[in-house]
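Q: Each protein sequence line maps, in turn, to chains A and B. For the first sequence, the numbering used here begins at 1 and goes up steadily by one. For the second sequence, the numbering used here begins at 1001 and goes up steadily by one. All residues carry an ideal CB built from backbone N, CA and C; glycine is no exception.
Number of protein chains: 2
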Amino acid sequence: MPGSIRLFVTCPLEPGAESTFDRAQAHYLGRVMRRRVGEEVVLFNGRDGAWRARITALNATGGRAALAEQLTAQVAEPGPWLAFALLKRAASEIVVQKATELGAERLLPFRAERSVAGAPNPERLAAIATEAAEQSERLTRPAIARVLSLPALLAGWPPGRPLFAAIERRALPFPRDGKSAGLLVGPEGGFTEGELDLIAHTPFVRPVSLGPRILRAETAAIVGLALLAASAGHSI
Amino acid sequence: MPGSIRLFVTCPLEPGAESTFDRAQAHYLGRVMRRRVGEEVVLFNGRDGAWRARITALNATGGRAALAEQLTAQVAEPGPWLAFALLKRAASEIVVQKATELGAERLLPFRAERSVAGAPNPERLAAIATEAAEQSERLTRPAIARVLSLPALLAGWPPGRPLFAAIERRALPFPRDGKSAGLLVGPEGGFTEGELDLIAHTPFVRPVSLGPRILRAETAAIVGLALLAASAGHSI
């Protein structure tokens, strides 16, 4: 159903089941999108594929929908992992939104030495990822890891997954094997010398360049993910 | 001078010349960046390269700097042209900022049938492009054309410059000749059937895909420009 409203829900989706809407979803459906009882939406929960459902109740505080049929079976949605330094709030939120649109499977915020932002609100980041997953027609939401330091992030990284670090400015050939890779993007002020040294001595990290100009941190995340996807044949 | 403050000015830059700062630049230099008389900045005007200059006066309403030496000769900065449908204000501003970072030479906003935003403030868009040019170490600012309708935009487009229209969702091989190309991105709600028909019948337009997911309009602009640059060998 192209153009349908898609909503992420947490309950199981199966024949004959009923799903509920929370207050925010009810507000969105009824007030923002002007949907009424009897109209259809598409539901997904990250486990049971996408389902057509008919709204059976809707008021200011919640609602319900009856599941009609499965439109798409659940499939795995492998994608790049994005490790990004905490940025100012608006920039971090742009990163989460765009990375979700671009198919990131896992988001790993970390505190860099030059990170100036406080700890992000996990519920707020999850809500942004959910909305982006709904709108971009994913069947899953990216997992958002808890904030780590850069050393802890690298120590816990699966060594078999290459991690491309956007730290070079000169033109480098981009890897052609970005399918199961990760992208590492630093903070607004760049990595410190100590961090660069740590990165350089981490075996699975490979430096890459995103071009000749200085990019903002959130732009680097978006551009790097687009190029990883392209190198993996996921897009264009 | 990596890490220097870079400012766009309008006056000629030549040996022995003096440049002036307007109120906004003086505020930025003195209050935000805490620079003082005697310290150095880098100036560029889009015509005379980049120059090292020493601040000779600075107060709340303006300032002056004495030019010391040229750091970089002016070079042409050819890049893609970006034709983008007017989006909500914040999204249009993101497009202008990111397109400048990504090297766009010319920005051509147009009014699509499903554009919901009012006319943008040209001074505000120019200020955003200027700041992005300063921070990304460009030597030029992108030109920002006045808003046209889609038919007028296409009628005035130089036929020798391919215009890649981000209107397909399936995977298409991306062009390898994006160097002197343009990118066409529609509004939040997509192009209308009539617009798609017009686009399909315009000889220099070539449909491209930005991947399997639905992207927001501003994401499509950023991703499309990154892929055009990569295809032209400008980056990575």
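Straight-line CA distance for A/Pro151 to B/Ala1200?
A: The residue labelled residue 151 of chain A in the question sits at position 151 within the first sequence. The residue labelled residue 1200 of chain B in the question sits at position 200 within the second sequence. Answer to the nearest angstrom: the Cα atoms are 52 Å apart.
Q: Can you list the alpha helix (DSSP H) stretches of 4 or more residues lying completely in the region 1084 to 1163 of chain B, in chain order?
A: Listed in chain order, they are 1089 to 1101, 1122 to 1136 and 1150 to 1156.
Q: Using 8 Å as the limit for Cβ to Cβ distance, is B/Glu1069 near chain A?
A: Residue 1069 of chain B sits at position 69 when you count from the first residue of the second sequence. No, B/Glu1069 lies away from the interface with chain A (no Cβ there is under 8 Å from its Cβ).
Q: Which of the three DSSP states is assigned to A/Ile222 in this structure?
A: The residue given as residue 222 of chain A occupies position 222 in the first sequence. Correct three-state label for A/Ile222: helix.
Q: Report the three-state DSSP secondary structure of A/Gly182 (helix, strand or coil).
A: Taking the first residue of the first sequence as position 1, residue 182 of chain A is located at position 182. Of the three classes helix, strand and coil, the one that applies to A/Gly182 here is strand, per DSSP.
Q: By Cβ distance below 8 Å, which residues in the same chain neighbour A/Arg35 in space, the five residues on each side in sequence not counted?
A: For the purposes of this step, residue 35 of chain A is taken as residue 35 along the first sequence, with counting starting at 1. Counting only Cβ-Cβ distances below 8 Å, and skipping sequence neighbours, we find Ile5, Leu29, Val41, Ile55 and Leu58.
Q: With burial defined as no fewer than 16 other Cβ atoms inside 10 Å of the residue's Cβ, what is the status of A/Gly224: buried or exposed?
A: On the first sequence, position 224 is the one that residue 224 of chain A refers to. Under this definition A/Gly224 is a buried residue.
Q: Would you call A/Gly38 buried or exposed, if buried means 16 or more other Cβ atoms sit within 10 Å of its Cβ?
A: Locating residue 38 of chain A in the first sequence gives position 38, counting from the first residue. Exposed, by the Cβ-count rule.
Q: Which residues in the same chain have their Cβ closer than 7 Å to the Cβ of A/Ala85, if we skip the five residues on either side of it in sequence?
A: For this step, residue 85 of chain A is matched to residue 85 along the first sequence. Excluding positions up to five away in sequence, the list reads Phe110, Ala112, Ser115, Val185, Gly186, Pro187 and Ala217.
Q: Between B/Ala1066, B/Gln1070, B/Ile1128 and B/Leu1215, which has its C-alpha nearest B/Arg1089's C-alpha?
A: As a position in the second sequence, residue 1089 of chain B is number 89, starting the count at 1. Answer by Cα proximity: B/Ile1128.
Q: Identify each residue in the region 1208 to 1230 of chain B for which the Cβ-Cβ distance to at least one residue of chain A is less than 8 Å, and report them in chain order.
A: Within the region 1208 to 1230 of chain B, the qualifying residues are Val1208, Ser1209, Leu1210, Gly1211, Pro1212, Arg1213, Ile1214, Leu1215, Arg1216, Thr1219, Ile1222, Val1223, Ala1226, Leu1227, Ala1229 and Ala1230.
Q: Check the DSSP bridge columns for A/Ala165 and list the partner residues they point to.
A: What you label residue 165 of chain A is simply residue 165 of the first sequence in a count that begins at 1. A/Ala165 pairs with A/Leu184 and A/Pro207.
Q: Below 7 Å on C-beta distance, what does B/Glu1101 contact in chain E?
A: Any reference to chain E falls outside this structure, whose protein chains are A and B.
Q: Just confirm the distance between the C-beta atoms of A/Arg106 and A/Pro142, as a whole number of angstroms; I'd bet it's less than 8 Å.
A: Walking along the first sequence from the start, residue 106 of chain A turns up at place 106. Walking along the first sequence from the start, residue 142 of chain A turns up at place 142. Rounded, the Cβ-Cβ distance is 6 Å, consistent with contact.
Q: Provide the residue(s) that pair with B/Ile1055 in DSSP beta bridges, ordered along the chain.
A: Here the question's residue 1055 of chain B lines up with position 55 in the second sequence. Bridge partners of B/Ile1055: B/Ala1065.
Q: For the region 1133 to 1164 of chain B, enumerate the residues whose C-beta is nearer than 9 Å to any C-beta of chain A, in chain order.
A: Cβ contacts with chain A: Gln1135, Ser1136, Glu1137 and Arg1138.
Q: Output the distance between the C-alpha atoms of A/Ala91 and A/Gly16, rounded to the nearest integer angstrom.
A: Numbered from its first residue, the first sequence carries residue 91 of chain A at position 91. Numbered from its first residue, the first sequence carries residue 16 of chain A at position 16. C-alpha separation (whole angstroms): 42 Å.
Q: Using the Cα positions of A/Leu125 and B/Ala1220, report the straight-line distance between them to the nearest angstrom.
A: Residue numbering aside, residue 125 of chain A sits at position 125 when the first sequence is read from its first letter. Residue numbering aside, residue 1220 of chain B sits at position 220 when the second sequence is read from its first letter. Spanning the two alpha carbons is a distance of roughly 21 Å.
Q: Looking at the secondary structure, which residues open and close the beta strand (DSSP E) in which A/Arg277 lies?
A: No answer is possible for residue 277 of chain A: the residues shown for chain A start at 1 and end at 236.
Q: Give the residues of chain B in contact with A/Lys98, contact being defined as C-beta atoms less than 7 Å apart.
A: Sequence index remark: in the first sequence, residue 98 of chain A carries index 98 (1-based). Residues of chain B passing the Cβ test: Thr1219.
Q: Assign B/Val1042 to one of three DSSP states: helix, strand, or coil.
A: Along the second sequence, one-based indexing puts residue 1042 of chain B at 42. The answer is strand: DSSP assigns B/Val1042 an E or B state.
Q: For the alpha helix (DSSP H) containing A/Glu193, name the first residue and the last one.
A: Position 193 of the first sequence holds residue 193 of chain A. From DSSP, the alpha helix (DSSP H) with A/Glu193 extends over Glu193 to Ala200.
Q: Taking a contact to mean a Cβ-Cβ separation below 8 Å, would you say A/Thr82 touches A/Asp48 in this structure?
A: What you label residue 82 of chain A is simply residue 82 of the first sequence in a count that begins at 1. What you label residue 48 of chain A is simply residue 48 of the first sequence in a count that begins at 1. It is worth fixing the name first, because residue 82 of chain A is Leu in this sequence and not Thr. Going by C-beta atoms, A/Leu82 is not nearer than 8 Å to A/Asp48.
Q: Taking the alpha-carbon positions, what's the B/Pro1203 to B/Gly1189 distance?
A: The count along the second sequence starts at 1 and reaches residue 1203 of chain B at position 203. The count along the second sequence starts at 1 and reaches residue 1189 of chain B at position 189. Their backbone Cα atoms lie some 24 Å apart in a straight line.
Q: When burial is assigned at 16 or more other CB atoms within 10 Å of the CB, is B/Glu1093 buried or exposed?
A: Within the second sequence, the letter at position 93 stands for residue 1093 of chain B. Buried: at least 16 other Cβ atoms inside 10 Å.
Q: Do B/Gly1063 and B/Phe1008 have their CB atoms nearer than 8 Å?
A: On the second sequence, residue 1063 of chain B is found 63 positions in, with the first residue counted as 1. On the second sequence, residue 1008 of chain B is found 8 positions in, with the first residue counted as 1. It is not a contact, given that the beta carbons lie outside the stated cut-off.
Q: Cutting at 6 Å between CB atoms, please list the residues of its own chain near B/Glu1069, excluding the five before and the five after it.
A: Mapped onto the second sequence, residue 1069 of chain B falls at position 69. Answer for B/Glu1069: Arg1052, listed in chain order.
Q: Between A/Leu215 and B/Glu1134, how many whole angstroms is the CB-CB distance? I'm expecting something under 8 Å.
A: Locating residue 215 of chain A in the first sequence gives position 215, where the first residue counts as 1. Locating residue 1134 of chain B in the second sequence gives position 134, where the first residue counts as 1. A/Leu215 to B/Glu1134, Cβ: 14 Å. No contact.
Q: Please report how far the alpha carbon of A/Asn121 lies from the alpha carbon of A/Val96, in whole angstroms.
A: Here residue 121 of chain A refers to the residue found at position 121 when the first sequence is read from its first residue. Here residue 96 of chain A refers to the residue found at position 96 when the first sequence is read from its first residue. Looking at the two C-alpha atoms, the distance is approximately 12 Å.
Q: Would DSSP call A/Ala50 helix, strand or coil?
A: Here residue 50 of chain A refers to the residue found at position 50 of the first sequence. Three-state DSSP puts A/Ala50 in a strand.
Q: Do you know how far the Cα of A/Glu193 is from the Cα of A/Ile167?
A: For the purposes of this step, residue 167 of chain A is taken as the residue at position 167 of the first sequence. For the purposes of this step, residue 193 of chain A is taken as the residue at position 193 of the first sequence. So the alpha carbons of these two residues sit roughly 12 Å apart.
Q: Should A/Ile236 be flagged as near chain B, meaning a C-beta pair shorter than 8 Å?
A: Along the first sequence, one-based indexing puts residue 236 of chain A at 236. Residue confidence is low: A/Ile236 scores 36 on pLDDT, short of 50, so the model does not pin down where it sits. No coordinate-derived value is stated.
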